[in-house]
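Enquirer: So that we are looking at the same thing, I have put the structure below in structure tokens.
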Amino acid sequence: MLRNLVLPTVLGILAGAAQAINFPFEDLDLTEENFEVGQGGYRDVYFGNAKKYNGTTAECRAFPKSDDWPTPEEWAKLGEFLEGALLKPLPPTAVCYEGHDRYNQAKCRDIRSNSGSNRFFIDDPLTVLTAWPQGNTCPLEVKPNTTCTQGGYPEYVVNVTEVWQIQTAVNFARNKNIRLVIKNTGHDFLGRSTGAGALSIWTHFLKQFEFLPEYTIGQYTGPAARVGAGLESWEMYNFMDEYNVTFVTPGRYTVGVYGGWFQGGGHNALASWYGMGADQTLSLQVVTAEGKFVTASPEENIDLFYALRGGGPGTYGIVTSAVVKAHPRVTVRNAPLSFGTNENVTADSVVEVEVEYGG
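Position 97 (the sequence shown) corresponds to 97 in the numbering used here; numbering is contiguous.
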């Protein structure tokens, strides 16, 4: 919808607006000029419509079935504007509940066979990898005898493939007072990549990569790479082999490298050599809470740049891509270490050892 309504003059403005070199999915971003020139009628996704909060008065977000929750027509209009990227997924295990509209024995058997795989959760728009029983009102059971509801999962998901879709979702959520969550691969141990009554932004498929043999910014000069926010650790290993370099990545292969991991600090096996994941970022492309698409680096939006480098996942903005350091190739060998117990060891004794060890 945006693509059809933006005039050529506005495209010229967009093309010259950002100093950073963007990936193709970042070339078209939502600006004030879009609304002034071609989008005057859709105020739900305007910039700056949010109520100003002073931090002293508690107020609930809009929630399904509340009076201020968007109507089906409003959600449909958002879906049309997003060009089909708006999803309304149900918990995948709904197919195992006989009383549910989606009940399907064959699909249920498939879920039972594959739900032990990390990839099952990562490639699903709704679920998270580190799921806990709290909030899961549609668990996978042998013979479910309860009903399946949405529970702690978001109501809608935007499967983003372009940056303007992220901006649109942020603006809609802000203007409609809807809870907003961000999911990449869903590894967040604290469950921040899901939430009841939320609109979720799914960045999983922003997987572009470009190697930069020479890159200079601030005090850094050397090899680097431009990376999409959706790249996982195992994908970065492939690029390490291809370009004979080392990138600092998470230890678990399926963790998204340039989303919540580095924003939470970025612990890794090479930290004593090359620093934390947050130390690797040289420049970031970000959608802010205002819905603006900006570059954050040591040279512009400096406070935002350093806040994103370890200040908390999904706190200050939605990173769409980054420029990160590339290091000389490192050879690493590892070996698993495990401890066995006998039948006399109890859960209490394990806790005592853990407390004594302080691990």
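No residue lacks a Cβ here, since even glycine has one placed at the ideal position from N, Cα and C.
Owing to the predicted nature of the structure, the values given are computational and were not obtained by experimental measurement.
Are the beta-carbon atoms belonging to N177 and A62 less than 7 Å from one another?
Expert: A contact, by the Cβ cut-off of 7 Å.
Enquirer: Provide the residue span of the beta strand (DSSP E) that contains N360, from first to last.
Expert: Not covered by the structure: residue 360. The range shown for the chain is 1 to 359.
Enquirer: Could you tell me the alpha carbon to alpha carbon distance between L199 and E299, rounded to whole angstroms?
Expert: 33 Å
Enquirer: When you compare the CB of W69 with every CB in chain D, is at least one pair closer than 7 Å?
Expert: Absent from the structure is chain D; it holds one protein chain and no more.
Enquirer: Can you find at least 3 beta carbon pairs, one from the region 226-237 and one from the region 255-265, that sit closer than 8 Å?
Expert: yes
Enquirer: Between Q263 and L337, is the Cβ-Cβ spacing less than 7 Å?
Expert: no
Enquirer: Is it buried or exposed, Q19, if we count other Cβ atoms within 10 angstroms and call 16 or more buried?
Expert: For Q19, the predicted model reports a pLDDT of 42, less than 50, meaning its position is unreliable; a value from the coordinates is still stated below. Label assigned to Q19: exposed.
Enquirer: What is the DSSP secondary structure of E59, reduced to helix, strand or coil?
Expert: coil
Enquirer: If you draw a straight line from the alpha carbon of T341 to that of D29, how long is it in whole angstroms?
Expert: 57 Å
Enquirer: Given that a residue counts as buried once 16 or more other Cβ atoms are within 10 Å of its Cβ, and exposed if not, what is P8?
Expert: Legend: pLDDT at P8 = 34, less than 50; position of this residue unreliable, no value from coordinates given.
Enquirer: For V163, which residues in the same chain have their Cβ closer than 7 Å to its Cβ, ignoring the five residues on either side in sequence?
Expert: F25, E26, D29, V287, F293 and T320
Enquirer: Does the contact criterion of 3 or more C-beta pairs under 8 Å hold for the region 142-154 versus the region 209-226?
Expert: Under the 8 Å Cβ criterion, the region 142-154 does not count as touching the region 209-226, having fewer than three qualifying pairs.
Enquirer: Mind checking whether F239 and G186 have CB atoms under 7 Å apart?
Expert: no
Enquirer: For the beta strand (DSSP E) that contains S283, what are its first and last residues?
Expert: T281 to V287
Enquirer: So what does N159 bridge to, in DSSP terms?
Expert: Under DSSP, the beta-bridge partners assigned to N159 are W202.
Enquirer: For Y274, report the span of its alpha helix (DSSP H) as first-last.
Expert: A271 to Y274
Enquirer: Report the residue ranges of all alpha helix (DSSP H) runs contained in full by the region 108-152; include only those spanning at least 4 residues, in chain order.
Expert: 118-122
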